[in-house]
Amino acid sequence: MTPGEQMHALVERLYPLCRSITGDGVRDTLKILNEYIPLAVFEVPTGTSAFDWTVPQEWNIRDAYIADTSGKRIVDFRESNLHVVGYSTPVNARMTLDELRPHLHTLPEQPSLVPYRTSYYAPGWGFCLAQDVLDQMPDGEYDVRIDSTLDDGHLTYAEHVVPGQVTDEVIISCHTCHPSLANDNLAGIAVAAYLARSLEKPWYTYRFLFMPGTIGAITWLSRNADRIDKVKHGLVLACAGDSGHLTYKKSRRGNAEIDGVLRHVLRDREHEIVDFSPYGYDERQFCSPGFNLGVGSLSRTPYARYPEYHTSGDNPDFVLPSALDDTLTVCQEALSILDRNRTYVNLNPYGEPQLGKRGLYGSLGGRSDAKDAQLAMLWVLNQSDGEHSLLDIAERSGLPFSSVVAAADALRDAELLKV
Amino acid sequence: MTPGEQMHALVERLYPLCRSITGDGVRDTLKILNEYIPLAVFEVPTGTSAFDWTVPQEWNIRDAYIADTSGKRIVDFRESNLHVVGYSTPVNARMTLDELRPHLHTLPEQPSLVPYRTSYYAPGWGFCLAQDVLDQMPDGEYDVRIDSTLDDGHLTYAEHVVPGQVTDEVIISCHTCHPSLANDNLAGIAVAAYLARSLEKPWYTYRFLFMPGTIGAITWLSRNADRIDKVKHGLVLACAGDSGHLTYKKSRRGNAEIDGVLRHVLRDREHEIVDFSPYGYDERQFCSPGFNLGVGSLSRTPYARYPEYHTSGDNPDFVLPSALDDTLTVCQEALSILDRNRTYVNLNPYGEPQLGKRGLYGSLGGRSDAKDAQLAMLWVLNQSDGEHSLLDIAERSGLPFSSVVAAADALRDAELLKV
Amino acid sequence: MTPGEQMHALVERLYPLCRSITGDGVRDTLKILNEYIPLAVFEVPTGTSAFDWTVPQEWNIRDAYIADTSGKRIVDFRESNLHVVGYSTPVNARMTLDELRPHLHTLPEQPSLVPYRTSYYAPGWGFCLAQDVLDQMPDGEYDVRIDSTLDDGHLTYAEHVVPGQVTDEVIISCHTCHPSLANDNLAGIAVAAYLARSLEKPWYTYRFLFMPGTIGAITWLSRNADRIDKVKHGLVLACAGDSGHLTYKKSRRGNAEIDGVLRHVLRDREHEIVDFSPYGYDERQFCSPGFNLGVGSLSRTPYARYPEYHTSGDNPDFVLPSALDDTLTVCQEALSILDRNRTYVNLNPYGEPQLGKRGLYGSLGGRSDAKDAQLAMLWVLNQSDGEHSLLDIAERSGLPFSSVVAAADALRDAELLKV
């Protein structure tokens, strides 16, 4: 299997679980993920304060349905967990269709699809179903059952850390709170897992975060506030597997190093770069003004821009192995650049150093076809005043980033540069 | 009558008066204006120092003409005050056409129009007339009479103040020194007066200034130098009623708040925005390097760009009620934005605050059609770091300014923002 | 003779000399140049340290050839000094063509041209010849002779200083190390010499530098390090006489005053402006990060961009009198602007000063055809806050630089401006 196919298989395996911002569906998801990358799982008790928020009660659900009086299930949680509004309180009642109607959510414009709805912070209950199904439901009475619990418990999230040569961190974050939705965000989870597996002895410490959206990110930030200044860069992964081209959403800063890295990596592909906006995924929290981290977000088609978004149409068929593969490749290229990007200071800044006596320069003068390697050394020496990173130098010179890194390595080995 | 027609009637009423940088024509103008908005009138004695300048002697004129020896007036002040060069010294003489000629000003390229000329600071006298009239004047002798006085007196200007909730000020300035010229600047005076009448309980204190050009503005600045730091914004109104589209000339700073406000208001209309230049009207003085105030200038067709400029062609027919109305509307929109524009600080900057528990956020999650009101709150929270005004946020987000203001009001009421 | 023809004659006169980074060819070149402009010649001993470099041994050559066994010279130094690789060590041997081959340099793509090659810092020897000639050389034995010396001696460079009214300096630098190559850089040397002759009582002190490339510039910088902060601007002249249009390469700063001056001068001509890059001529050294001087480089077709570059094709025929003339004119215009460019402070910054009472302003008001001279005064007064130079003001206002200078002179004479 290609990596894309392996990631797709992980998406399919995770798809049936009923995730939410808390509950056993998240735990089961992390248990499976732990087979791919070792995870540290954190359980945060209900009632814990997190800045302006409080960890809510834990929600679990065993079964739910709307059945006709003959006992035939018209809407059945066992077929798809999207049928129940997330965080629905328990129900066990017989009621008329008219009584039921305020609790039913459909998509009249997409009558065959089941929408995804939640009600985390306002107690209530509801069902989601296809408009086509609703249209077939005769008036009369129905047995309505939601076998859920809402009790003090925990919010569950997980970290996977790849230690680096420095303690400065890069965070890769993806939300784990969506139930049977494949692109949003099992695709992101799968890419993150395979990205974590591919990192070998990196420079930075990479912290992969698998957390419920909003409350999870805010809880994590709250519990890690005293060391958040270690987080130098980050990427939120979401909607990572559909057939659209890649879209990078810049950090709030707009000129963070990660923004330059993604622009560099994407420039030779079909892609889109969009400015930061304060909605979407957990970049909202990482880029809130009090943190203002250098965290961007990588998606294929962005949230709410594809018709299958937050519907039963976002199933594993909507996610392509080739697209997962492409997203993974771009992430790997981006981290590979980020990880090698340095800002040096030229230790011999008065005129050029004599590269020839160090064996770094061709001995025959007068030729007009100076090689990339030599040009790269001159560029690195000239621009290394503590203000320009190697990526800046690559972009300014038009030379490949790898040539610039190689030049810097040679110059550093010759003690002509320091960080 | 529409507001445009009312403003036009005011222009017609003021048109016949012989204004100059001093004199009774200015006083009569302010007396009429006082019927529309209460004015505080200031009289500054001849000889008063104002920075590098000195208030000149006061000029008044009762009559003036060039008559043939039969007593027939060929050029007659009673027909138009443009016929006399402003600040002409008294004359009572018989002279030949050849002797008279150095004192005659015409527009050979526009032979039917009378030019407007002044000689404030170099004693002398002269007449302005149509080239066509001059061409008909036979050689021979003429009786030449200018019944003017140039004596110690006063320079007269007026203020109308609309008190605000804060003492920070916005100045709206227009020059009152031009005699029978309608667009330049009775149109500006009329728009200013109606703009003043339309302000209700504003945030800023608005100070409307009716002053002679250059010496008036310099005198006002000189007398108010110790509180000029209260002036946060300003607009010079001139040439406000011709049929051309609106032209905004930026402040010397080029990025003052008033510049952004006008750009925002004008963007959906045919308009032109031009960079600051050190000629035109009293923005020259407000934007001199020692003050460098955030004062721009709003005109329709800018000075010296229309053939009727500074000629008898600039009469009330050249000013359109609809154009006056349009200028007034844009001024009102601009002040309405300026007055509500604030720069806030998010009091809960670490992650998003929980809007739901404050009733500020929809309870049902998962929908992709988030409403403007909610987006606006997220934008305001995210950008309110003391660096971005509500107008900045409106432009960045693409949301209407009024939505952004409403969001900020709601957030401030919820104690999530402070100024 | 036109100046262009005179400069061309100088190029022809210098052409036959065998220059290198050291040696009598350089001395003879400077001796001839001294007939045009008085030079101070500096001799720096072999072994002298210059930052990371050491002045090398001095190289001189009397004769060199490859002869067939009949004594017929196939490759002859006396025909062109390009035939010997610069800094070749002495040779006196009979060897087969196969043994000789590793020491032969040709241009297979340009078979009739002789390349220019050097080996300054790696001991060795070699010949350069046309591929066409090599193709005609039968196998067999050849007498190979290089009658050169490589001994402790000196590196030679020269300065010509035009004293200014201030001790702040402008350096004009050109490399003197290339043997029989005309455009690169006898053209630059000739333009520099005639430029020096044309300077009359300048504001700045102008220092013309005639030095071998790289080691010469580094040696000069090393010996003048303690007063390098006097160098405010500079220009490297190279490839100054070919038929291409002018190319200006910006300083490393990219917004140095010299960059603005050249952009201004070139804007009405066919030209190209390129960003700084750390190869080319001695701008590499002046713009190394430790100095980062405001030094740009003016060429016609830049180095390595024309097929004759560093070949026997770069001979006096390749250099046009008209092109030398054009380069000289642009240099003169540039220095004329640089030399008059000042940044003033308005001494009467509160409102406009009353120009009329100083005789600087027309007495008749109301005219719409204000003259350049008056506009220029208003621009200079408004912009003179210590932040904008006269060139900035000329560009911002669209007025000719000379009008702006004249206005500033008048205002300074009226004590309205100070530097």
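Protein chains in written order, with UniProt numbering: chain A, 1 to 419; chain B, 1 to 419; chain C, 1 to 419.
From the three backbone atoms N, C-alpha and C, an ideal C-beta is built for every residue, glycine too.
Predicted model, so just to flag it, every value in this text is computed and none were measured.
Taking C-beta atoms under 8 Å as the contact rule, I171(B) and W53(B) fail to qualify, at a distance of about 20 Å. The beta carbon of V85(B) is closer than 6 Å to those of R117, S119 and G126 in its chain, skipping five residues each way along the sequence. Annotated as distal: V274(C) and T301(C), with beta-carbon spacing of 8 Å or more. Along the stretch 289 to 305 of chain B, going in chain order, the ones with a CB nearer than 7 Å to a CB of chain C are P289, G290, F291 and A304. Identification of residues in the stretch 328 to 354 of chain C having a C-beta nearer than 7 Å to some C-beta of chain B yields N346, N348, P349, Y350, G351, E352, P353 and Q354, given in sequence order. Residue pairing by DSSP leaves D226(B) without any beta bridge partner. According to the DSSP assignment, T343(C) belongs to the beta strand (DSSP E) that extends over T343 to N346. Taking 8 Å as the cut-off, the beta carbon of G213(A) is found no closer than this to the beta carbon of V319(A). When the Cα atoms are used, D151(B) and E58(B) turn out to be separated by approximately 5 Å. At least one C-beta of chain A is nearer than 8 Å to the C-beta of R252(C). Secondary structure of F401(B) (DSSP, three-state): helix. Within the same chain, G164, Q165, V166, D339 and R340 come within 8 Å of W203(A) by CB-CB distance, once the 5 residues on both sides are set aside. For F210(B), the secondary structure class from DSSP, reduced to helix, strand or coil, is strand. Secondary structure note for T156(A): its beta strand (DSSP E) is the uninterrupted segment H154 to V162. Taking a contact to require three or more Cβ pairs closer than 8 Å, the stretch 255 to 262 of chain B and the stretch 280 to 296 of chain B qualify as touching. Boundaries for I21(A): no alpha helix (DSSP H) harbours it, and the DSSP string shows neither H nor E there.
Two segments are said to touch when three or more pairs of C-beta atoms, one from each, lie closer than 8 Å; by this definition the stretch 304 to 315 of chain C touches the stretch 172 to 192 of chain C. Rounded to whole angstroms, G359(C) and L399(B) show a C-alpha spacing of 54 Å. The contact set of K357(A) on chain C, defined by CB atoms closer than 8 Å, consists of Y121 in chain order. At a cut-off of 8 Å between beta carbons, S384(A) contacts chain C. The stretch 55 to 70 of chain A makes no contact with the stretch 333 to 352 of chain B, as fewer than three CB pairs between them are under 8 Å.
If you look at R253(A), you'll find it isn't in any alpha helix (DSSP H); DSSP assigns it neither H nor E.
A Cβ of chain C is located within less than 8 Å of the beta carbon of L378(A). The three-state reading of DSSP puts N185(B) in helix, counting H, G and I together. Burial check for K418(A): the Cβ neighbour count within 10 Å stays below 16, so the residue is exposed. Contact fails between the stretch 134 to 143 of chain A and the stretch 377 to 388 of chain B, because fewer than three Cβ pairs, one in each stretch, are under 8 Å apart. Judged by pairs of C-beta atoms under 8 Å, the stretch 71 to 89 of chain A does not touch the stretch 318 to 337 of chain B, as fewer than three such pairs exist.
Within chain B, the residues placing a beta-carbon under 9 Å from that of L221(A) are Y350 and G351, ordered along the chain. With a threshold of 16 other beta carbon atoms within 10 Å, S322(B) falls short and is exposed. The C-alpha of P3(B) lies about 20 Å from the C-alpha of V236(B).
DSSP, read as helix, strand or coil, puts A373(B) in helix.
F127(B) is outside the set of residues whose beta carbon lies under 8 Å from a beta carbon in chain C.
In terms of Cα proximity to K72(A), the closest of R267(A), V191(A) and R145(A) is R145(A).
Fewer than three beta-carbon pairs drawn from the stretch 38 to 52 of chain A and the stretch 68 to 82 of chain A are found closer than 8 Å, and the two stretches are therefore not classed as touching. DSSP, reduced to helix, strand and coil, places R117(A) outside both helices and strands of the structure shown, so it counts as coil. Proximity of chain B to Q285(A) at the Cβ level (cut-off 9 Å) is accounted for by Y350, G351 and E352, in chain order.
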